[in-house]
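Numbering (our numbering), first residue to last: 1 to 406.
For every residue, glycine included, the Cβ atom is placed at its ideal position computed from N, Cα and C.
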């Protein structure tokens with residue numbers, strides 16, 4: 001190692017050390033400030049609360065006196081709540097600041113393995129973020145799917161499994177950092193081999209078999225998900241399959257992406273946001289908007305807290321299909337196919353599901369990531385004409401299909 005390299009490494013270590021010291025100092029200042037403020041607030045407000053309760057509950061003075069002290073108690077309560085809210089806002093600002101520092105440190109050091117509590121998150125050698133899958137023999141998943149397919153066969157309901165493409169490309173040399181393993185491709189291959197001959201499969205990993213650069217361009221740089229243009233190609237593959245196999249109508253206006261406009265909005269919740277504002281330029285979420293007249297109705301009534309409910313009727317609005325719905329019903333009276341389609345999928349599927357709603361009169365969607373009900377009852381109630389399952393092999397031990405193997 002030459003003197004320049006040693007000098008550069010030493011300089012990097014000093015800068016990272018200074019950044020680390022600043023982080024520790026910031027933590028100390030912030031939490032000491034919180035502690036002192038909370039102690040003062042607790043002592044002050046406790047005195048006021050005792051003063052009010054003592055006269056209101058214990059001594060029972062005149063009604064006028066009680067009213068005055070109740071008002072003081074209300075003011076004290078509002079003051080305390082506002083204090084908590086302001087400190088919560090301050091804490092979030094500090095948290096954002098810490099993430100910025102962490103992201104800068106990770107970027108400056110060239111770290112490839114990045115902290116994520118749910119998945120192994122890595123920076124590929126093309127400077128985009130991806131998620132790695134653990135090894136899975138896919139035995140349980142394949143058994144669930146085969147049981148589900150047998151159940152559908154007994155009811156003469158055709159089904160199709162669509163493999164969503166993984167960001168770390170199947171047909172390209174590895175972009176993974178040294179020492180990191182990603183079993184996504186192998187897991188998918190094992191699953192296909194186990195369900196082969198039982199469950200029809202469309203493999204989206206084949207779309208850009210000879211064009212890996214375009215494959216990566218059609219993924220968000222700061223996330224592991226595909227863009228809407230990639231999903232549109234998957235939609236076309238599915239419709240062409242259904243057209244050939246079951247004589248489903250695939251209208252000419254729906255076949256070309258030229259008949260849609262593309263628009264974008266700020267993206268929330270992508271992987272890069274876990275590493276602050278400066279780790280990667282923020283991606284914008286892209287959507288398609290049909291240039292032809294549409295009229296759809298979306299309905300969701302989940303009766304569960306923190307889940308988005310909707311009753312919408314109007315022009316096609318792709319953003320509305322992308323809420324966190326365990327269930328979503330779409331009615332499209334203008335669809336060429338007066339058929340009912342059930343779509344079961346992970347976070348890759350909403351784009352495709354929304355496009356499929358342009359081709360089918362009724363679409364019922366179930367998000368497997370948040371589904372907690374009984375899918376067998378859903379199938380019996382909806383009576384679909386076709387079922388499409390769409391997910392990556394990161395989805396293992398899928399509970400939504402377990403009911404069919406019991």
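Check whether the segment 155-173 touches the segment 184-204, counting contact only when three or more Cβ pairs, one atom from each stretch, lie closer than 8 Å.
Verdict: yes, contact present.
In three-state DSSP terms, what is residue 292?
Here residue 292 sits in coil by DSSP.
Going by the CB atoms, is the gap between residue 248 and residue 332 shorter than 8 Å?
In this structure, residue 248 does not lie closer than 8 Å to residue 332 by Cβ.
Examine the Cβ distances between the segment 228-236 and the segment 371-379 and report whether three or more of them are shorter than 8 Å.
Contact between the segment 228-236 and the segment 371-379 is absent, because fewer than three Cβ pairs lie under 8 Å.
Could you tell me how far apart the beta carbons of residue 246 and residue 384 are, in whole angstroms, since I believe they sit closer than 8 Å?
That pair is no contact at about 13 Å.
Following the continuous alpha helix (DSSP H) through residue 233, name the residue where it begins and the one where it ends.
Run containing residue 233: 228-246, per the alpha helix (DSSP H) assignment.
Going by DSSP, what residues sit across from residue 121 in a beta bridge?
Beta-bridge pairing links residue 121 to 114 and 131.
Counting only runs that start and end within the segment 124-182, where is the alpha helix (DSSP H) found for 4 or more residues in a row?
With a minimum length of 4 residues, the continuous alpha helix (DSSP H) runs that stay inside the segment 124-182 are 139-154.
In angstroms with no decimal places, state the Cα-to-Cα distance between residue 258 and residue 127.
Approximately 30 Å between the Cα atoms of the pair.
I'd like the span of the beta strand (DSSP E) that includes residue 392, first residue to last.
Counting along the chain, residue 392 falls outside any beta strand (DSSP E), and DSSP gives it neither H nor E.
Can you find the residues in the same chain that come closer than 7 Å, C-beta to C-beta, to residue 363, ignoring five residues on each side of it along the sequence?
Cβ within range, chain order: 330, 341, 343, 353, 356 and 357.
With respect to the alpha helix (DSSP H) encompassing residue 353, which residues constitute its N-terminal and C-terminal limits?
Where residue 353 is concerned, the enclosing alpha helix (DSSP H) stretches over 349-356.
Residues in its own chain within less than 7 Å of residue 301 by CB, not counting five upstream and five downstream?
The answer, listed in chain order, is 309.
Within its chain, find whatever has a CB closer than 8 Å to the CB of residue 195; leave out the 5 residues flanking it on each side and keep chain order.
Cβ neighbours of residue 195 beyond the five flanking positions: 142, 145, 146, 149, 161 and 201.
State the start and end residues of the unbroken alpha helix (DSSP H) segment that holds residue 195.
First-last of the alpha helix (DSSP H) with residue 195: 184-195.
How many angstroms separate the CA atom of residue 133 from the CA atom of residue 175?
Their backbone Cα atoms lie some 15 Å apart in a straight line.
Use the C-beta contact count for residue 283: other C-beta atoms within 10 angstroms, 16 or more gives buried, fewer gives exposed.
Answer is buried; the Cβ neighbour count reaches 16.
On the three-state DSSP scale, how would you describe residue 320?
Helix.
Following the continuous beta strand (DSSP E) through residue 341, name the residue where it begins and the one where it ends.
Start and end: 337-345.
Under the assumption that residue 137 contacts residue 276 (Cβ atoms under 8 Å), give the Cβ distance between them as a whole number of angstroms.
Contact doesn't hold; Cβ gap of about 38 Å is too wide.
Exposed or buried, which one is residue 219 when buried takes at least 16 other CB atoms within 10 Å?
Looking at its Cβ environment, which holds 16 or more other Cβ atoms inside 10 Å, residue 219 is buried.
Measuring straight from C-alpha to C-alpha, what distance separates residue 229 and residue 154?
Cα to Cα, the separation comes out at about 36 Å.
For residue 290, which of 406, 319 and 266 has the nearest alpha-carbon?
The shortest C-alpha separation from residue 290 is found at 319.
Taking only the alpha-carbon atoms, compute the straight-line gap between residue 317 and residue 18 and give it to the nearest angstrom.
Near 49 Å, if we compare the C-alpha coordinates of residue 18 and residue 317.
Indicate the three-state DSSP secondary structure (helix, strand or coil) for residue 401 in the structure shown.
Of the three classes helix, strand and coil, the one that applies to residue 401 here is helix, per DSSP.
Going by C-alpha distance, which of 368, 111 and 346 is nearest residue 224?
Nearest option by C-alpha distance: 346.
Could you tell me the alpha carbon to alpha carbon distance between residue 151 and residue 139, rounded to whole angstroms?
Looking at the two C-alpha atoms, the distance is approximately 18 Å.
Spatial neighbours of residue 254 within its chain, please: CB distance less than 7 Å, with the 5 preceding and 5 following residues excluded, ordered by chain position.
Correct list, in chain order: 358 and 359.
Under DSSP, the beta strand (DSSP E) around residue 327 begins and ends at which residues?
Its beta strand (DSSP E) spans residues 327-331.
Which partner residues of residue 363 appear in the DSSP bridge assignment?
Paired residues: 330 and 341.
From this set, 189, 114 and 25, which residue's C-alpha is nearest residue 393's C-alpha?
Among 189, 114 and 25, the Cα nearest to that of residue 393 is on 189.
Please name the residue in 212, 260, 197 and 271 whose C-alpha comes closest to that of residue 294.
Per the Cα distances, 260.
Report the rounded CA-to-CA distance for residue 209 versus residue 172, giving the unit in angstroms.
Their Cα atoms are separated by approximately 9 Å.
Thinking C-beta only, is residue 370 closer than 8 Å to residue 311?
In this structure, residue 370 does not lie closer than 8 Å to residue 311 by Cβ.
Rounded to whole angstroms, what is the Cα-Cα separation between residue 418 and residue 366?
Because residue 418 is not part of the residues shown, which for the chain are 1 to 406, the question remains open.
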